[in-house]
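Asker: The structure under discussion is supplied below as structure tokens; questions concerning it will follow.
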Amino acid sequence: MSPTGAAAEATPPDLRLLVAAVLCWTVTLAGIVFGWGTALVVAAVSVLAAAVFAVRARSVDRVRWWSGAAGIALVGCGYAVAIALRAHAVTATQSAIAGHGGGAHLTATLTDDPRPLPTDTGAPGRVLVRARLDTVRFGNRTTRVHGAIVVFAPADGWRGLLPGQHVRFSGGVRPPSRADLTVATVQTADPPTRIGRPSWIQRAAGSIRSAFAARCHRVLAPNEAGLLPGLVLGDVSALPDRVRDQFTTAGLTHLTAVSGSNFAIVCGAVLLVVRPLGPRPAAVLTGVALVGFVILVRPSPSVLRAASMGAIALFALLLGRRKQALPALASTVLALLAWTPALAVDIGFALSVAATAALVLLAPTWTDWLTARGCPTGLAEALSIAAAAQVATAPLIAGISGRFSVVSLAANLAAAPAVAPASLLGAAGAVLAMVWPMGAELLIRLAGPAVWWLLRVADAAVRMPSASVPVVGGVAGGLLLTVGTVVAFGVVRSARMRVALVVALAGFALVWIPSRWSPW
């Protein structure tokens, strides 16, 4: 690193954008959960606070600090007003739909792939479809309305639809089950009528995904063939329910969804290849690869979120810009919340932000600490990344599921060596699936051993005694685990306490593990 870069790293990070991101996230979440009236109250309080801070800035020496606080309050006011308008429109739409009864004829546009739902053995398959409502007809009256809807539908007729596809169908309209700016939940038992065609981007992505899945099933065993498309493209339509449950228990669910790590791996490989061309060409080519991968896995809000987080993680880990990564993360959060306010209550968004923050803040420091004590660099990085992601996301996962995966850290460490090879070979195979099928099959075969290893890791993890343990769920459980994590950090800062903790854990394991495996 150059002296200028070293000096920049030595300076404390600018936290103003981080504070603004936290405030705007909180404001947006409050407006969605508690309604547009609460958001207007927050906006008024923010304006008052901005005025107080501005007056304070003119009468004290710390002008920059108070001016920054006033600016942050004004930004929070803007987000509060925006979410108030959005929440009011959603409430009006919900009232208009609820006033006409349950059954309706609807036209909508899909915004994501239909997601398979768990069903009992022998029961017909069902899918969850997220869409944007265009019109709704009750009786002879048709009304143009706009808003997000969730459709529960039979798999037959819905499974193969692409994002961007316009459809017409009938079903029972009900109020949304949660506050996430959704205007209605629709239950339908009929297949839809397709209207027009999706965009060429979605059709191209769908063709590539279908060709890749077909090649996987041609050369791999069923479990491996179902996992590799999920690992590379987030396509879990062919993943068996048993494997999905194993990955959930083992804490490896993030591998079967398009996450920031997918983009970091693919774009990191491209960056390492093109770096000799110079900084600007390398940045341009890496950006092209990022856009291409977004198109391949579908430009949905969740994918754009993952792409943003992956780019930030890559920026921090490969280019060594740790302090600059934090403002970049905050800016990305602000931009995504402005574009899609519903992300404020999306647990996937919260997990992505938490994991990315851990990768750029905790993982490098822990890696340096381990390497300074003789740990090999590769092992230190693997340990630090897995531990940082686990620490950051465990409270959220526990709050949602009411369970804590005891084997998650070990499973992620064991899976780490296979993730990058499987992702890179699979992504290359997906690109070649349409133009050179034999080459794609060769790459898929080469990725097979890595995918097999991931399945073995998940299977071994769930066979461990008490692989996941029940904890207090909800907000209370998340806060409890967060406090426990903070206390644990305080404990391990003391050398004596670290020794005592290791001895206590070893003694506990010597008693607990045999007792769990014992037939008595």
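Each residue of the sequence shown is one higher than the one before, starting from 1323 at the first, in our numbering.
Beta carbons: idealized from backbone N, C-alpha and C, even for Gly.
1. Ordered along the chain, which non-local residues of its own chain (more than five positions away) have a Cβ less than 8 angstroms from that of G1596?
2. Could you compute how far the alpha carbon of L1673 sits from the alpha carbon of F1615?
3. So, do the region 1730-1750 and the region 1564-1574 have three or more beta carbon pairs nearer to each other than 8 angstroms?
4. Please report the Cβ distance between L1746 and A1527, rounded to the nearest whole angstrom; I am assuming they are in contact, meaning their Cβ atoms lie under 8 angstroms.
5. Candidates A1373, F1375, V1349: which alpha carbon is nearest V1363's?
6. Would you please state the rounded distance, in angstroms, between the beta carbons of P1485 and T1429? I believe it to be under 8 angstroms.
7. Determine the burial state of L1339: buried for a count of at least 16 other Cβ atoms within 10 Å of its Cβ, exposed for fewer.
8. Can you list the beta strand (DSSP E) stretches of 3 or more residues lying completely in the region 1723-1767, in chain order?
9. So, at 6 angstroms on beta carbons, what are the nonlocal neighbours of A1664 in its own chain, with the 5 sequence-adjacent residues on each side left out?
10. Tell me which residues share the same chain as A1579 and place their Cβ nearer than 7 angstroms to its Cβ, disregarding the 5 neighbours each side in the sequence.
11. Under three-state DSSP, which class holds T1413?
12. I want to know whether the region 1391-1409 touches the region 1450-1466 - three or more CB-CB distances under 8 angstroms.
13. Looking only at its own chain, which residues have a Cβ that is under 7 angstroms from the Cβ of A1406, when we skip the five neighbours before and after it?
14. When DSSP builds the beta bridges, which residues end up paired with S1492?
15. If I follow the unbroken beta strand (DSSP E) through A1453, where does it start and stop?
16. Tell me which residues share the same chain as R1496 and place their Cβ nearer than 8 angstroms to its Cβ, disregarding the 5 neighbours each side in the sequence.
17. Between the Cα of V1741 and those of R1500, W1387, F1585, spot the shortest distance and give me the residue it belongs to.
18. Once you ignore the five residues that flank C1589 on each side, which residues in its own chain have a CB closer than 8 angstroms to its CB?
19. What residue range does the beta strand (DSSP E) around G1469 cover?
20. Who are the Cβ neighbours of M1756 in its own chain at under 7 angstroms, not counting the five residues just before and after it?
21. By a C-beta neighbour count over all protein chains shown, 10 Å radius and 16 as the cutoff for buried, is V1377 buried or exposed?
22. Going by other Cβ atoms of all chains shown within 10 Å of its Cβ, with 16 needed for buried, is T1654 buried or exposed?
23. Excluding five sequence neighbours on each side, which residues of the same chain lie with their C-beta closer than 6 angstroms to the C-beta of N1343?
24. From the DSSP output, in three-state form, read off L1339 for me.
25. On a Cα-Cα basis, can you pick out the residue from S1559, P1792, T1662 that is closest to V1449?
26. List the endpoints of the continuous alpha helix (DSSP H) containing V1508.
27. Which of helix, strand or coil does DSSP assign to L1351?
28. Find out if the Cβ-Cβ distance for the pair Q1568, V1369 is shorter than 8 angstroms.
29. Under 8 angstroms between the Cβ atoms of I1523 and V1489?
30. Which runs of the alpha helix (DSSP H) fall wholly inside the region 1526-1603 and span at least 4 residues, in chain order?
Answerer: Taking the structure as given:
1. Here residue 1596 is Val; the residue named in the question, Gly, does not match the sequence. The residues are P1603, A1604, L1607, T1608.
2. In a straight line, the C-alpha of L1673 is about 21 angstroms away from that of F1615.
3. Proximity of the region 1730-1750 to the region 1564-1574 meets the contact definition, three or more beta-carbon pairs being nearer than 8 angstroms.
4. Contact between L1746 and A1527 is ruled out by a C-beta separation of about 19 angstroms, above the 8 angstroms threshold.
5. For the set A1373, F1375, V1349, the Cα lying nearest the Cα of V1363 is the one of V1349.
6. At roughly 16 angstroms, the Cβ-Cβ gap does not stay under 8 angstroms, so P1485 and T1429 are not in contact.
7. Counting every other CB atom within 10 Å of its CB across the protein chains shown gives L1339 a total of 16 or more, marking it as buried.
8. Correct list: 1725-1727.
9. Closer than 6 angstroms at Cβ, skipping near neighbours: D1502, L1503.
10. Residues of the same chain with a CB within less than 7 angstroms of the CB of A1579, apart from the 5 flanking positions on each side, are G1556 in chain order.
11. Looking at T1413 - three-state DSSP - the assignment turns out to be helix.
12. The region 1391-1409 vs the region 1450-1466: no contact.
13. Within the same chain, A1406 has close Cβ partners G1353, W1358, A1361, L1362, A1365.
14. For S1492, the beta-bridge partners assigned by DSSP are H1427.
15. Under the DSSP assignment, A1453 falls in the beta strand (DSSP E) whose first and last residues are 1448-1460.
16. So the qualifying residues of the chain are G1424, A1506, T1507, V1508, Q1509.
17. The shortest C-alpha separation from V1741 is found at F1585.
18. Contacts found: T1608, A1611, L1612, F1615, G1632, A1633, L1636.
19. Residue range 1463-1476 is occupied by the beta strand (DSSP E) that includes G1469.
20. Same-chain partners within the cutoff: S1529, I1530, A1533.
21. Around the beta carbon of V1377, fewer than 16 other beta carbons sit within 10 angstroms, so the residue counts as exposed.
22. Buried: at least 16 other Cβ atoms inside 10 Å.
23. The sequence given here places Ala at residue 1343; Asn does not occur at that position. A1652, V1655, L1656.
24. Three-state result, L1339: helix.
25. Checking every option, the nearest Cα to that of V1449 belongs to S1559.
26. Run containing V1508: none in the alpha helix (DSSP H); it sits in the beta strand (DSSP E), 1504-1509.
27. Of the three classes helix, strand and coil, the one that applies to L1351 here is helix, per DSSP.
28. No, these two residues do not count as a Cβ contact at 8 angstroms.
29. The answer is no: Cβ separation not under 8 angstroms.
30. Those alpha helix (DSSP H) runs which fall completely within the region 1526-1603 and span 4+ residues are 1544-1555, 1563-1571, 1582-1596.
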